[in-house]
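A quick write-up on the structure given underneath.
Chains as they are written, first to last, in the working numbering: chain A, 2 to 450; chain B, 126 to 257.
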């Protein structure tokens, strides 16, 4: 049973970690100014070099952002971590492009030509790094337009990122006049080695540890709306039996693949830790991987990396009530939370706004009715294409719909939104127009990539 | 909206990093008290032209600048007034006598120049000695 968790002021801890981030980007740059310095090369020359160092430091930090460090990501939701990852990576690459452009335009002779036979190794490495990072950004922002299948994209992502990082460090260590001093050289060498070690840890060491904690599929049950419930249990005697989680969290699940294969997919846990020994996931046939879920057989091997995420209620012991807004298969973490609350005998008022296309696709329909008897839960189904005799809410999760069912005093409740991005955006705008402060809004985004 | 918040924060971070980079460059390049005249090279005669050709053929501008062209890392303007002809030759080929004054990377880069044909090396040194 989750005890009282100390309240962490959202903005305070968030600002703290962002401050750490800026320091980590700027500190290696600032250190170059200490002690012996190379001769100044003119403002634009040194500005271009500084942008190069800073851009590379930012790219290295991307590995830390996505290394799934629980403590650093806890103040933010996983959605924010990935938004930061995307936007900061684009900014970092823009800095690296600016670095190259300023030098190319103002000091072309210093760059030498592009002839690979005459270009020194560190310059060739620099161009390769830039191209690798640009390919990384392009393939990520336009994955769907380029028709890159998700699993392949993830492997491509790691390869391009590591290629870019390694060649960038070869470039820096080979060309940089600021690193003539031994300790500065060692600093940047150490920095590069650290990022590389991080990749090794996340992509090799951690999967290795996972192979020691195997799980096994015990049930694959069809649900409504082309969805499935997949249940896994730890292999008897495996360290997986020690798995512990809080309701609303998610894991990276590997089915029919080893943890090294980068074929893991994030799924929210739909079951509640009040019923231990088994994890349930609700999977909708939406994409490349989930289309194959129905063919998974009980007895097959599974690997579970987690738990992750802070989408949940245990930080809010003082909240007067909770509002859940779920779209389609976004109901999964909400089910985990509601099942937990019911088992805990929760008496605070709860609301669930559940959006689906039509009545036949509403997953967990019966169980939600049963839960609304055990909890003081107001259940509001919102259907996009309701049957003719439907007297409930129809359309989308608009402010009018929410307004009709939320209590008069609504700005002190905690709100949890889970579903596809457009639904989350609409719900956020609706709640904002109803006067709900942003800090009370917690989102879990599905279909990120 | 959380994405908007993240986007704005990322933009602020990017701006901060950009400004700090500019500050870095400003610290490295404080405004000079008096205008230091850029040394203008005299109209080249044919000997200078040969030396300049060797300079260009070996991509010396990758590490050195003359009259603002090339890498500002190691400007050669006025080198003829600072070093003797023999010292210039020693620096070009990273002779043992001056290796203590050169970065390891520079020594490695200059190694091939010791293999230059004597006539080319002489022309280059003469050209550099003329930069006063």
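Cβ coordinates follow ideal geometry from the N, Cα and C atoms, glycine included.
With 16 other Cβ atoms within 10 Å as the buried cut-off, status of residue i
i             : result
residue 240/B : exposed
residue 273/B : For chain B, the structure presents residues 126 to 257; residue 273/B sits outside this window and is missing.
residue 191/B : buried
residue 184/B : buried
residue 146/A : exposed
residue 235/B : buried
residue 174/B : exposed
residue 126/A : buried
residue 371/A : exposed
residue 266/A : buried
residue 148/A : exposed
residue 521/A : Examination of residue 521/A is not possible in this model, given that chain A is present from 2 through 450 alone.
residue 324/A : buried
residue 196/A : buried
residue 161/B : Any reading at residue 161/B must be qualified, since the residue scores a pLDDT of 48, below 50, and its modelled position is unreliable; no value is offered.
residue 230/B : buried
residue 357/A : buried
residue 210/A : exposed
residue 274/A : buried
residue 188/B : buried
residue 243/A : exposed
residue 237/B : exposed
residue 199/B : buried
Contact set for residue i: own chain, Cβ-Cβ below 6 Å, skip 5 residues either direction
i             : result
residue 516/A : Look at the range of chain A in this structure, 2 to 450, and you will see that residue 516/A is not part of it.
residue 186/A : 180
residue 178/A : 39
residue 395/A : 384, 387
residue 170/A : 193
residue 245/B : 179
Where residue i meets chain B, residues with beta-carbon distance less than 7 Å
i             : result
residue 51/A  : 146, 149, 150
residue 461/A : The structure shown does not extend to residue 461/A, since chain A is modelled only from 2 through 450, so no value can be given for it.
residue 63/A  : Within 7 Å Cβ-Cβ: nothing; residue 63/A doesn't reach chain B, min ~12 Å.
residue 181/A : 228
Chain B contact residues for residue i, given Cβ-Cβ distances below 9 Å
i             : result
residue 59/A  : 138, 139, 142
residue 108/A : 186, 190, 194, 195, 196, 197
residue 403/A : In chain order: nothing, as chain B lies at least about 15 Å away.
residue 383/A : Simply none; closest approach about 20 Å.
residue 269/A : Those within 9 Å of residue 269/A in chain B number zero; the least Cβ separation is about 17 Å.
7 Å Cβ cut-off: residues of chain A touching residue i
i             : result
residue 128/B : 84
residue 227/B : Those within 7 Å of residue 227/B in chain A number zero; the least Cβ separation is about 10 Å.
residue 135/B : 85, 88, 89, 92
Contacting residues, own chain, Cβ-Cβ under 7 Å from residue i (five flanking each side not counted)
i             : result
residue 155/A : 263
residue 190/A : 174
residue 180/B : 249, 252
residue 224/B : 232
residue 204/A : 159
residue 186/B : 194, 195, 196
residue 254/A : 265, 266, 268, 282, 303, 305
residue 108/A : 46
residue 442/A : 416, 418, 429, 432
Residue i: CB within 7 Å of a non-hydrogen atom of the ligand NAD
i             : result
residue 375/A : Looking at this structure, you won't find the ligand NAD or any other ligand, since it has none at all.
Cβ neighbours of residue i in the same chain (closer than 8 Å, five flanking residues each side left out)
i             : result
residue 445/A : 78, 79, 80, 249, 251, 269, 310, 312, 331, 334, 417, 418, 419
residue 1/A   : Shown here, chain A extends from 2 to 450; a query on residue 1/A therefore has no answer.
residue 212/B : 223
residue 295/A : 221, 223, 229, 286
residue 348/A : 377
residue 30/A  : 51, 54, 55, 58
Amino acids of chain A, ordered along the chain, whose beta-carbon sits closer than 9 Å to that of residue i
i             : result
residue 249/B : In chain order: nothing, as chain A lies at least about 16 Å away.
Contact list for residue i against chain B, beta-carbon separation under 8 Å
i             : result
residue 411/A : Simply none; closest approach about 17 Å.
residue 39/A  : 198
residue 43/A  : 154, 197
Interface flag, residue i vs chain D, CB-CB below 8 Å
i            : result
residue 30/A : Judged by its chain identifiers, the structure shown contains no chain D, and its protein chains are A and B.
Residue i: contacting residues in chain A (beta-carbon distance under 8 Å)
i             : result
residue 132/B : 84, 88
Mind the definition here: the region 126-142 of chain A touches the region 87-94 of chain A only if three or more C-beta pairs lie below 8 Å; say whether that holds. yes
Is the region 294-307 of chain A close to the region 152-167 of chain A, with three or more CB pairs under 8 Å? no
Note down, in chain order, all residues in the region 191-223 of chain B with a beta-carbon under 9 Å from any beta-carbon belonging to chain A. 193, 194, 195, 196, 197, 198, 199, 200
Do three or more CB pairs link the region 139-155 of chain B to the region 429-437 of chain A at distances below 8 Å? no
When Cβ atoms are compared, which residues of the region 177-190 of chain B fall closer than 7 Å to chain A? 184, 186, 187
Contact between the region 145-160 of chain B and the region 46-60 of chain A: three or more CB pairs below 8 Å? yes
Can at least three beta-carbon pairs, one atom from the region 274-289 of chain A and one from the region 367-386 of chain A, be found at a separation below 8 Å? no
Assess contact between the region 96-105 of chain A and the region 32-51 of chain A, defined as three or more Cβ pairs (one per stretch) separated by less than 8 Å. Is contact present? yes
Would you say the region 271-282 of chain A touches the region 233-249 of chain A, given that touching needs at least three Cβ pairs under 8 Å? yes
In chain order, what residues of the region 330-344 of chain A put their CB closer than 9 Å to some CB of chain B? none
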